[in-house]
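The structure appears right after this line, and notes come after that.
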Amino acid sequence: MISASAHPNVALIKYWGKSHDALRIPATPSLSMPLLAFRTETSIEVARKRDEVILSGQEDKSGRIANWLRTLRGDLGLDMPPLTVRSSSNFPSAAGLASSASGFAALTLAINALLDLDLDMPSLSRLARLGSASAARSVSTGFIALDGRENTHTAWSAQKVLDYDAWPLGVCVAICSHTPKAVSSAAGMNRSRDTSPAYNAWLTGNRQMFERTVNAVTARDFEALASAARWSFFGMLTVMQSSVPPLNYFNESTCAVIQAIKTLQDQGVPVFFTCDAGPHVKCVHLPEYAALVEARIRAVPGVLEAIQACP
Ligand code: PMV
Numbered sequence: 000m001i002s003a004s005a006h007p008n009v010a011l012i013k014y015w016g017k018s019h020d021a022l023r024i025p026a027t028p029s030l031s032m033p034l035l036a037f038r039t040e041t042s043i044e045v046a047r048k049r050d051e052v053i054l055s056g057q058e059d060k061s062g063r064i065a066n067w068l069r070t071l072r073g074d075l076g077l078d079m080p081p082l083t084v085r086s087s088s089n090f091p092s093a094a095g096l097a098s099s100a101s102g103f104a105a106l107t108l109a110i111n112a113l114l115d116l117d118l119d120m121p122s123l124s125r126l127a128r129l130g131s132a133s134a135a136r137s138v139s140t141g142f143i144a145l146d147g148r149e150n151t152h153t154a155w156s157a158q159k160v161l162d163y164d165a166w167p168l169g170v171c172v173a174i175c176s177h178t179p180k181a182v183s184s185a186a187g188m189n190r191s192r193d194t195s196p197a198y199n200a201w202l203t204g205n206r207q208m209f210e211r212t213v214n215a216v217t218a219r220d221f222e223a224l225a226s227a228a229r230w231s232f233f234g235m236l237t238v239m240q241s242s243v244p245p246l247n248y249f250n251e252s253t254c255a256v257i258q259a260i261k262t263l264q265d266q267g268v269p270v271f272f273t274c275d276a277g278p279h280v281k282c283v284h285l286p287e288y289a290a291l292v293e294a295r296i297r298a299v300p301g302v303l304e305a306i307q308a309c310p
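One point on numbering: in numbering that gives the first Met the number 0, the residue at position 41 of the sequence shown is 40, and numbering is uninterrupted.
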């Protein structure tokens, strides 16, 4: 039996929309940092007859991982026996905390070890991307960029921009619900691509912000990072809200946490917020403000938990 683990990540520059559905090629580049306190552990072993996937002790009925394994064997020609996969995470899944990112990344790392593939990070990230695009950014830790210039499988891979330890920013996560989301991110982003009048402007602007953010991370410039992340978050939100019918992943507590963070910003605290396709709020801050940010989030009515996910 082989085991591997991976952390989910939070995109500071988001991707929302694909340019190729089957290959899961994002329509814009993205840049993330890891959520180190959250982890998915995955073990695999060779099965007798067919793939068997057990997630948190339950057989996976969605078929998502089994389909991905078929793609690896079929389209990519990987010589892989049937597998028994067992995976579990220490954080709420399917509610916007990117369990698919850490799940596909951990499984990719386990397969790499089982089959002695010895793949480098870009190759690992491409395999994980075929399961879930954000998983490409979870095959390693650090500030990770997922980018590609052409619309091909090989062009789109992840690269490390900076080690996390070189800029150990804090991230406090406000858990605002334990309910699984009603619209998956895959369905939501296709709806946005097909119906939102703001979609094309989002694609152009987000690429510009991505390039700025790579520079901000390399220079460890918190203000520049906060400003680009704000643009990307509100850009994605505009596209979600202008989709037909509109997409809403937030609840009242999400909005209350955002308000609390805006108040901290008005007081000069170096913190910014971002959310994904779910109600939780990820609050990124300079490390010395961890206790203050956590206490403020904890005091917001309706917040179920405030978890320091980094460092
Ligand atoms: O690839 P998915 O299905 O995990 O989609 C991720 C979408 C966002 O989390 C909203 C943005 C991102 O870049 O992670």
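Just so it is clear, CB atoms sit at the ideal spot from N, CA and C, and this is done for glycine as well. Predicted model only: the values in this text are computed from it and were never measured.
Taking the alpha carbon of residue i as the reference point, which residue from the options has its own alpha carbon closest?
{"i": "Lys48", "options": "Pro121, Pro81, Ala112", "result": "Pro81"}
{"i": "Ala104", "options": "Arg72, Asp220, Ser42, Ala227", "result": "Ser42"}
{"i": "Gln266", "options": "Ala100, Ala46, Tyr288, Gly277", "result": "Tyr288"}
{"i": "Met239", "options": "Asp193, Glu222, Ile143, Pro269", "result": "Asp193"}
{"i": "Gly130", "options": "Ala276, Ala185, Ala181", "result": "Ala185"}
{"i": "Ala181", "options": "Leu77, Tyr248, Leu34", "result": "Tyr248"}
{"i": "Gly102", "options": "Arg38, Met32, Gly147", "result": "Arg38"}
{"i": "Ser31", "options": "Leu114, Gly76, Thr212", "result": "Thr212"}
{"i": "Leu126", "options": "Ala112, Leu75, Ser195", "result": "Leu75"}
{"i": "Pro33", "options": "Ser4, Thr107, Leu106", "result": "Ser4"}
{"i": "Leu236", "options": "Ser139, Leu116, Cys254, Gln264", "result": "Cys254"}
{"i": "Pro199", "options": "Ala21, Glu210, Ser241, Phe90", "result": "Here the sequence assigns Asn to residue 199, which means Pro is not the residue at that position. The option with the nearest alpha carbon to Asn199 is Ser241."}
{"i": "Pro286", "options": "Pro278, Val270, Arg72", "result": "Val270"}
{"i": "Asn250", "options": "Thr262, Pro278, Gln264", "result": "Pro278"}
{"i": "Phe90", "options": "Ala46, Arg72, Thr70, Glu40", "result": "Glu40"}
{"i": "Leu246", "options": "Asn189, Leu263, Gly62, Lys261", "result": "Asn189"}
Identify, in the order they occur along the chain, each residue of the same chain with its Cβ nearer than 7 Å to the Cβ of residue i, setting aside the five sequence neighbours on each side.
{"i": "Glu293", "result": "Cys171, Ala305, Gln307"}
{"i": "Met208", "result": "Ile12, Ala227, Trp230, Ser231"}
{"i": "Ala276", "result": "Gly95, Lys180, Ser184, Gly187, Tyr248"}
{"i": "Ala112", "result": "Ile1, Ala3"}
{"i": "Arg311", "result": "Any property of residue 311 remains undetermined from this structure, which presents the chain solely from 0 to 310."}
Considering only residues of the same chain and omitting the five flanking positions on each side of residue i, which have a CB-CB separation below 6 Å?
{"i": "Leu168", "result": "Val283"}
{"i": "Ser344", "result": "Because the chain in this structure spans residues 0 to 310, residue 344 falls outside the shown range and cannot be described."}
{"i": "Glu44", "result": "Met0, Thr83"}
{"i": "Arg136", "result": "Asn8, Ser31, Ile143, Leu145, Ala157"}
{"i": "Asp243", "result": "The question names Asp, but residue 243 in the sequence shown is Val. If we look at Val243 and ignore the five residues flanking it on each side, its Cβ neighbours are Thr194."}
{"i": "Ala223", "result": "Ala215"}
{"i": "Trp201", "result": "Gly234, Val238"}
{"i": "Asp346", "result": "The question about residue 346 has no answer here: the residues shown for the chain are numbered 0 through 310."}
{"i": "Gly147", "result": "Ala154, Trp155"}
For the alpha helix (DSSP H) containing residue i, name the first residue and the last one.
{"i": "Met32", "result": "Careful: Met32 lies outside any alpha helix (DSSP H), inside the beta strand (DSSP E) at 29 to 33."}
{"i": "Arg69", "result": "63 to 73"}
{"i": "Cys254", "result": "251 to 265"}
{"i": "Ser101", "result": "98 to 113"}
{"i": "Leu145", "result": "Element bounds for Leu145: not the alpha helix (DSSP H) but the beta strand (DSSP E), 142 to 146."}
{"i": "Thr237", "result": "221 to 240"}
{"i": "Glu210", "result": "198 to 217"}
{"i": "Val299", "result": "Here Val299 belongs to no alpha helix (DSSP H), and DSSP marks it neither H nor E."}
{"i": "Thr194", "result": "184 to 194"}
For the beta strand (DSSP E) containing residue i, list its first residue and its last residue.
{"i": "Gln158", "result": "156 to 161"}
{"i": "Ala10", "result": "8 to 12"}
{"i": "Leu54", "result": "51 to 54"}
{"i": "Arg85", "result": "82 to 88"}
{"i": "Ser18", "result": "17 to 19"}
{"i": "Thr39", "result": "39 to 45"}
For residue i, which residues in the same chain have their Cβ closer than 8 Å to its Cβ, ignoring the five residues on either side in sequence?
{"i": "Thr217", "result": "Val160, Leu161"}
{"i": "Val268", "result": "His284, Tyr288, Leu291, Val292"}
{"i": "Val256", "result": "Ala173, Cys175, Phe272, Val280, Cys282, Ile296, Val299, Val302"}
{"i": "Trp166", "result": "Phe142, Val216, Arg219"}
{"i": "Val138", "result": "Ala5, Ala104, Thr107, Leu108, Met120, Leu123, Ser124, Ala127, Ala157"}
{"i": "Ala259", "result": "Arg295, Ile296, Ala298, Val299"}
{"i": "Gly204", "result": "Trp230, Gly234"}
{"i": "Thr70", "result": "Leu129"}
Write down the C-beta distance between residue i and residue j rounded to the nearest angstrom, noting that I regard them as a contact closer than 8 Å.
{"i": "Gly16", "j": "Ser191", "result": "6 Å"}
{"i": "Ser156", "j": "Ser133", "result": "With a Cβ gap of about 13 Å, Ser156 and Ser133 do not count as contacting."}
{"i": "Pro7", "j": "Ser98", "result": "7 Å"}
{"i": "Val52", "j": "Ala65", "result": "6 Å"}
{"i": "Ala109", "j": "Ser2", "result": "7 Å"}
{"i": "Leu106", "j": "Met79", "result": "Their Cβ separation, rounded to whole angstroms, is 12 Å, which puts Leu106 and Met79 out of contact at 8 Å."}
{"i": "Ser29", "j": "Ala10", "result": "5 Å"}
So, does the CB of residue i fall closer than 7 Å to a CB anywhere in chain C?
{"i": "Asp275", "result": "In the structure shown, chain C does not exist; there is a single protein chain."}
Validate contact between the region 224 to 240 and the region 176 to 185 using beta carbons, cut 8 Å, 3 pairs: Using a C-beta cut-off of 8 Å, the region 224 to 240 makes no contact with the region 176 to 185, since fewer than three inter-stretch Cβ pairs fall below that distance.
At least three beta-carbon pairs within less than 8 Å, the region 139 to 155 to the region 116 to 129: Counting Cβ pairs under 8 Å, three or more are found: they touch.
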